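In our numbering, the protein residues as written are 1454 to 1649. Idealized CB from N, CA, C, for every residue including glycine. Remember, it's a predicted structure, so these values are computed and weren't measured experimentally.
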Amino acid sequence: MLRSAQRAAALVNVLGAEGDDGAEPTADSLAALAAVLREYGETDPLDLSDADVADMRAVAAQLREVFTAPGVDAAATRLNRLLAEGCGPVRLTAHGGGSPWHIHLDSADTAPWAEWFLASSCMALAVLVWDRQRPPGGVCASARCANVYVTGGSGAERRYCSPRCATRERVADHRRAKERRPSQRDQGRKGREENR
């Protein structure tokens, strides 16, 4: 389930990327979406229409609300709403013998992309809430990033979507602190002036 939750976060990020304002998808945005789907096991051909992408963007916005939940109760409430409104009954499928038996919440093996995205993501995020008793993820604390991420199992609470964002923020904090401190040369001048 962790990998499915990570796929959900990656899809929320790519579908809600800056510049994706609901306009028709560009070749670059379709390529980025297809790359995420392939990274998480989907195979070609990935017949994604403009309508599929628009519907998936709407689902991504709904799932972002789960990642932005301020606590476990809010995350569970938001997931319960999405499960009730957009997911079908639990069923087992082997995709006609093409894969091992596994659980699905979408209506059929050939369900539209958005329905699959919502159902599989809700199931994965719900299992994380159930297992960990805390929100399944969060939003990057970097001021320059709005990506969502899945929280790890135990340890310190995560604040950033990636090591890159964490490093960028630490460097920026260090530079701000350095700018606020007077330089050693300025302190030396001040000391000499006080001794006169």
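For V1525, no beta strand (DSSP E) encloses it; the enclosing alpha helix (DSSP H) starts and ends at 1525 to 1539.
The beta-carbon separation of L1516 and C1540, rounded to 12 Å, does not stay under the 8 Å limit for a contact. Distance from the CA of D1481 to the CA of D1497, rounded to the nearest whole angstrom, comes to 17 Å. When rounded, the separation of the alpha-carbon atoms in A1630 and R1531 is 39 Å. For the pair W1554 and A1561, the CB atoms are not nearer than the 7 Å cut-off. The secondary-structure analysis by DSSP pairs G1494 with nothing; it has no beta-bridge partner. Considering only A1567, Y1602, W1566, E1568, the residue with the shortest C-alpha distance to L1581 is Y1602. Cβ-Cβ distances below 8 Å link R1621 to S1595, R1597 in the same chain, with the five nearest sequence neighbours on each side left out; the list follows chain order. Taken through DSSP and simplified to helix, strand or coil, T1620 comes out as helix. Per the DSSP secondary-structure output, T1546 pairs in a beta bridge with H1555. Contact annotation: P1589 and L1578 have beta-carbon atoms nearer than 7 Å. Shortest Cα-Cα distance from C1593 to any of A1485, A1458, A1462 involves A1462. Within a 10 Å sphere around the beta-carbon of R1623 sit fewer than 16 other beta-carbons, which makes this residue exposed. Residue range 1601 to 1603 is occupied by the beta strand (DSSP E) that includes Y1602. The residue among E1492, R1510, W1566, G1551 with its C-alpha nearest the C-alpha of N1466 is R1510.
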